[in-house]
Amino acid sequence: MSHLLEVQGLTTAFTGDYGKTVSVDHIHFRVDEKEVVCIVGESGCGKSVTSLSIMGLLGKGGAVTDGSVLFDGKNLLALAEKELDQIRGNEITMIFQDPLTSLNPVFTVGNQITESIRTHMHLPKKEARERAVDLLRRVGMPDAAGVMKKYPHTLSGGMRQRVMIAMALSCNPKLLIADEPTTALDVTIQAQIMELLRELQKETGMSMILITHDIGLVANMADRVLVMYAGQIIEEAAAGELFANPRHPYTRALLDTVPTIRDGVERELVSIPGIVPENYDDMTGCRFADRCRYRKPECASPQKDYEFGPGHRARCVVMKEGGIPI
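First residue of the sequence shown? That's -10 in the numbering used here, and the numbers climb one at a time after it.
Listed below in structure tokens is the structure:
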């Protein structure tokens, strides 16, 4: 079976004053058509670097050192910049964490949306403008025609994020990557933005990768979940399966930090001790071991993935009982 996106052995490293540091370490996953895949984990786990690697937007010092990213059968990592530009912003689009730094402050909202439409869809200026206004209406923007004339700094955070969503949808992409799109917004606006993304995903049939550190958000959005820690994908499962039967201790720890409507008065929320390691190049064993309450001596050995059912894998030697080595 072919997949819309297939990431195989992706490894990303950054070179700085102190040498080369690996941020994403031989990860593999897939995204199918019309599917919502959530990548969840604490800050510093490599989630955003994964998305930037897929898009070819790593910037100075960053480079993919191994693996492949197949989109519709094409290896994006092997394409020239000009070929990648035909796909990026057209068939694959991205919503970034902070819309204020993603939008150009010296151009109006209308100018920035229509530029993308004219570049990729080759529409005349008038038709591009009409499409931009229609897109702003679709994302729930009040006075869409008036907003077209405004500059990004004059809009609220929620309105700027709606502009970013409109830009991302302007060319009917096959895949949308949303990198923590509600980080800087208050709770009410967060709920509105996520509901909007879910509705638009169902309406257009596009696939979506949602990156978040909020595992509670995942329950409402995901078809499948990838749990990421210290540059590795340590568990993957369908959303319902992951919440009902988490296999990796890190996944269990994340779930223990989130309150639910079924909690009794005796339920105490917990925190995960320690922090995500900054440099894990020389860590041969489980990278979560120092923070894990189930730690055993064998955790110091190299870990492998175990399959716990169709589509459910986890990288943990302690929890391997009932699992099949992959």
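Ideal Cβ placement from N, Cα and C applies to all residues, glycine included.
- By the C-beta criterion, the stretch 90 to 106 is judged to be in contact with the stretch 148 to 157, since at least 3 inter-stretch pairs fall below 8 Å.
- For the set Ser40, Lys115 and Leu73, the Cα lying nearest the Cα of Ile84 is the one of Ser40.
- Annotation: Gly35 to Val13 spans about 6 Å, alpha carbon to alpha carbon.
- Looking at the DSSP output, Ala2 shares a beta bridge with Val11 and Ala52.
- According to the DSSP assignment, Val216 belongs to the beta strand (DSSP E) that extends over Arg213 to Tyr218.
- Contact between Ile81 and Ile166 holds: their C-beta atoms lie close to 7 Å from each other, under 8 Å.
- Ranked by Cα distance from Tyr7, the options Asp61, Glu255, Leu(-7) and Gly50 are led by Gly50.
- Looking only at Ala211, Asn79, Gly135 and Asp87, the smallest Cα-Cα distance to Thr108 is reached by Asn79.
- For the pair Glu(-5) and Glu225, the Cα-to-Cα distance works out to about 14 Å.
- Contact between the stretch 49 to 65 and the stretch 231 to 242 is not established, with fewer than three Cβ pairs separated by less than 8 Å.
- In the displayed model, Met156 falls within a helix according to three-state DSSP.
- Only residues of its own chain outside the window of five on either side were considered, and among them Ala2, Phe3, Asn268 and Asp270 have a CB closer than 7 Å to the CB of Thr10, listed in chain order.
- Straight across, the Cα-Cα distance linking Lys191 with Gly229 is about 19 Å.
- For the pair Thr172 and Lys63, the Cα-to-Cα distance works out to about 32 Å.
- Judged by DSSP in its simplified three-state form, Cys27 adopts strand.
- Taking C-beta atoms as the reference points, Met183 and Met148 fail to come closer than 8 Å.
- Between the alpha carbons of Leu244 and Thr177 lies a distance of about 22 Å.
- In the structure shown, the three-state DSSP call for Tyr295 is strand.
- Under the DSSP assignment, Arg302 falls in the beta strand (DSSP E) whose first and last residues are His301 to Ala303.
- Under the 10 Å beta carbon count, Ala67 is surrounded by fewer than 16 other beta carbons and is classified as exposed.
- Secondary structure at Leu47: coil, using DSSP grouped into helix, strand and coil.
- Under the rule that a run must span 4 or more residues, the alpha helix (DSSP H) segments found entirely inside the stretch 52 to 111 read 70 to 76, 88 to 91 and 98 to 110.
- Nearest neighbour of Phe277 by Cα position, chosen from Pro131, Glu310 and Pro266, turns out to be Pro266.
- In the three-state reduction of the DSSP assignment, Met137 falls in the coil class.
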